[in-house]
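S.K.:
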Amino acid sequence: MLIHPWDAAQDEGEWRDWLSRHDFGQLAVNGLTGEPPWVQPLHFRYDAEPGPYGEAVTHLARPNPLWRALEAQPVVLLSVVDDYVYVPGHWTAPDGTPPEHGTPTSYYAAVQLRCTAHVVDDPAEKAELLNRQVAHFQPDGGTVPAVPGEAPFGRMLPGIRVLRLEVTGVRAKFKYAGNKPPEVRERVSARLAERRGPGDLAARAQQLRRRPSAPPAASAGPSATGATTPGS
Numbered sequence: 044m045l046i047h048p049w050d051a052a053q054d055e056g057e058w059r060d061w062l063s064r065h066d067f068g069q070l071a072v073n074g075l076t077g078e079p080p081w082v083q084p085l086h087f088r089y090d091a092e093p094g095p096y097g098e099a100v101t102h103l104a105r106p107n108p109l110w111r112a113l114e115a116q117p118v119v120l121l122s123v124v125d126d127y128v129y130v131p132g133h134w135t136a137p138d139g140t141p142p143e144h145g146t147p148t149s150y151y152a153a154v155q156l157r158c159t160a161h162v163v164d165d166p167a168e169k170a171e172l173l174n175r176q177v178a179h180f181q182p183d184g185g186t187v188p189a190v191p192g193e194a195p196f197g198r199m200l201p202g203i204r205v206l207r208l209e210v211t212g213v214r215a216k217f218k219y220a221g222n223k224p225p226e227v228r229e230r231v232s233a234r235l236a237e238r239r240g241p242g243d244l245a246a247r248a249q250q251l252r253r254r255p256s257a258p259p260a261a262s263a264g265p266s267a268t269g270a271t272t273p274g275s
């Protein structure tokens with residue numbers, strides 16, 4: 044994932060705050076020899092602790108074919124993308140140029156968590172982590188806790204495996220035309236408010252929130268995102 048200075052997280056708090064409101068993403072696992080990567084859509088619970096970047100907890104069915112690849116290479120990537128929208132080219136043309144010369148683009152926010160995966164099969168630990176994940180999605184309850192050997196979920200525990208994803212690095216990108224002239228950003232913002240299609244208002248809110256007050260610093264990349272490796 045290419046991150047220009049104007050798209051980089053402004054600080055660590057920005058990506059943490061955004062991620063705290065998201066709990067669905069795609070887990071990418073290196074494929075075995077000759078295979079493409081495995082990509083698994085899933086819900087997860089992110090906790091800011093332990094460690095410098097926290098951890099994500101999730102679970103998958105035991106028959107999932109991903110396990111063999113994951114156990115061979117436990118370094119994985121959890122990718123979360125939201126607040127995305129397509130921006131037509133005629134919205135982005137600089138003042139004084141034909142609208143049809145404007146460049147179409149995409150707005151989006153993306154956080155990629157580089158993780159070391161830990162597979163949990165111990166029944167008691169598995170139940171505790173599973174209950175923690177359910178509590179995130181159902182803070183008001185409504186589902187009895189899973190307890191090994193006890194109905195109704197004890198007999199179902201062997202059919203799943205839990206993943207603790209220890210986050211070792213973070214790459215964050217907020218692509219909202221931070222490098223464009225104010226008049227272009229304002230025009231796009233107004234058009235998004237008028238169109239009100241899926242994702243338009245969420246993308247507009249991100250664009251307005253990140254409205255630059257000064258030229259972005261060239262060093263805003265790795266230190267702000269927690270990046271560990273370059274990407275495209």
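Counting from 44, one number per residue, gives the positions in the sequence shown under the working numbering.
A virtual CB, placed ideally from N, CA and C, is assigned to each residue, including glycine.
Please name the residue, chosen from 146, 159 and 129, that lies closest to residue 115 on a Cα-to-Cα basis.
M.R.: Stepping through the sequence shown from its first residue, residue 115 is reached at position 72. Comparing Cα-Cα distances from residue 115 to each of 146, 159 and 129, the minimum goes to 159.
S.K.: What's the gap between the Cα of residue 183 and the Cα of residue 144?
M.R.: By 1-based counting over the sequence shown, the position of residue 183 is 140. By 1-based counting over the sequence shown, the position of residue 144 is 101. Near 52 Å, if we compare the C-alpha coordinates of residue 144 and residue 183.
S.K.: Looking at the secondary structure, which residues open and close the beta strand (DSSP E) in which residue 102 lies?
M.R.: Counted from its first residue, the sequence shown places residue 102 at position 59. Segment 98 to 104, the beta strand (DSSP E) holding residue 102.
S.K.: Contact check, residue 42 vs residue 166 under 8 Å by CB: the rounded distance?
M.R.: Absent from the structure is residue 42, since the part of the chain shown begins at 44 and ends at 275.
S.K.: How about residue 53 and residue 70: are their beta carbons less than 7 Å apart?
M.R.: Looking up residue 53 in the sequence shown gives position 10. Looking up residue 70 in the sequence shown gives position 27. Contact flag unset, no.
S.K.: Going by other Cβ atoms of all chains shown within 10 Å of its Cβ, with 16 needed for buried, is residue 161 buried or exposed?
M.R.: The count along the sequence shown starts at 1 and reaches residue 161 at position 118. The residue in question, residue 161, is exposed, as its Cβ has fewer than 16 Cβ neighbours within 10 Å.
S.K.: Determine the closest residue to residue 169 out of 206, 147 and 112, with distance taken between C-alpha atoms.
M.R.: Here residue 169 corresponds to residue number 126 of the sequence shown, with the count starting at 1. Of the listed residues, the one whose Cα sits closest to residue 169 is 206.
S.K.: From residue 148 to residue 128, what does the alpha carbon distance come to, in whole angstroms?
M.R.: In the sequence shown, the residue the question calls residue 148 occupies position 105. In the sequence shown, the residue the question calls residue 128 occupies position 85. For residue 148 and residue 128, the distance between alpha carbons rounds to 9 Å.
S.K.: How big is the Cα-Cα spacing for residue 181 and residue 239?
M.R.: Position 138 of the sequence shown holds residue 181. Position 196 of the sequence shown holds residue 239. Going by the C-alpha atoms only, they are around 30 Å apart.
S.K.: Given a cut-off of 7 Å, decide if residue 56 and residue 210 are closer than it, judged by their beta-carbon atoms.
M.R.: As a working mapping, residue 210 is identified with position 167 in the sequence shown. As a working mapping, residue 56 is identified with position 13 in the sequence shown. No, Cβ-Cβ distance for residue 210 and residue 56 is not below 7 Å.
S.K.: Could you tell me which uninterrupted beta strand (DSSP E) segments, each at least 3 residues in length, are contained entirely in the segment 103 to 178, listed from first to last along the chain?
M.R.: With a minimum length of 3 residues, the continuous beta strand (DSSP E) runs that stay inside the segment 103 to 178 are 118 to 130 and 148 to 163.
S.K.: Pick helix, strand or coil for residue 71, following the three-state DSSP scheme.
M.R.: Taking the sequence shown and counting its residues from 1, one reaches residue 71 at position 28. Three-state result, residue 71: strand.
S.K.: In the structure shown, what three-state DSSP assignment does residue 84 receive?
M.R.: Within the sequence shown, residue 84 is the residue found at index 41, counting from 1. Residue 84: strand per DSSP, three-state reduction.
S.K.: Roughly how many whole angstroms lie between the Cα atoms of residue 234 and residue 58?
M.R.: Against the sequence shown, residue 234 aligns to sequence position 191. Against the sequence shown, residue 58 aligns to sequence position 15. Cα-Cα distance, rounded: 26 Å.
S.K.: Looking only at C-alpha atoms, which of 91, 51, 81 and 50 sits nearest to residue 63?
M.R.: Position 20 of the sequence shown holds residue 63. Closest by alpha carbon: 91.
S.K.: Just list the residues that DSSP pairs residue 216 with in beta bridges.
M.R.: For the purposes of this step, residue 216 is taken as residue 173 along the sequence shown, with counting starting at 1. Answer by DSSP bridge pairing, in chain order: 51 and 153.
S.K.: Quick test of the definition: if touching needs 3 or more C-beta pairs under 8 Å, does the segment 130 to 141 touch the segment 93 to 110?
M.R.: no
S.K.: On the criterion of 16 or more Cβ atoms from any shown chain inside 10 Å, does residue 138 qualify as buried, or is it exposed?
M.R.: Stepping through the sequence shown from its first residue, residue 138 is reached at position 95. By the neighbour-count rule (16 or more Cβ atoms within 10 Å), residue 138 is not buried but exposed.
S.K.: May I have the straight-line CA-CA distance separating residue 265 from residue 157, to the nearest angstrom?
M.R.: Within the sequence shown, the letter at position 222 stands for residue 265. Within the sequence shown, the letter at position 114 stands for residue 157. The pLDDT assigned to residue 265 is 36, lower than 50, so where the model puts this residue is not dependable, and the model offers no usable value.
S.K.: Of the residues 87, 146 and 73, which one's Cα is nearest the Cα of residue 119?
M.R.: Here the question's residue 119 lines up with position 76 in the sequence shown. Comparing Cα-Cα distances from residue 119 to each of 87, 146 and 73, the minimum goes to 73.
S.K.: How long is the line joining the alpha carbons of residue 123 and residue 185, rounded to whole angstroms?
M.R.: The residue you call residue 123 lines up with position 80 of the sequence shown. The residue you call residue 185 lines up with position 142 of the sequence shown. Cα to Cα, the separation comes out at about 27 Å.
S.K.: Can you check which of these residues, 215, 201, 253 and 44, is closest to residue 163 by C-alpha distance?
M.R.: Counted from its first residue, the sequence shown places residue 163 at position 120. Here the closest residue by C-alpha is 201.
S.K.: Return helix, strand or coil for residue 183, following the three-state DSSP convention.
M.R.: On the sequence shown, residue 183 is found 140 positions in, with the first residue counted as 1. If DSSP states are grouped into helix, strand and coil, residue 183 belongs with coil.
S.K.: Go to residue 226, then tell me how far its alpha helix (DSSP H) extends in each direction, as first and last residue.
M.R.: Position 183 of the sequence shown holds residue 226. Segment 225 to 238, the alpha helix (DSSP H) holding residue 226.
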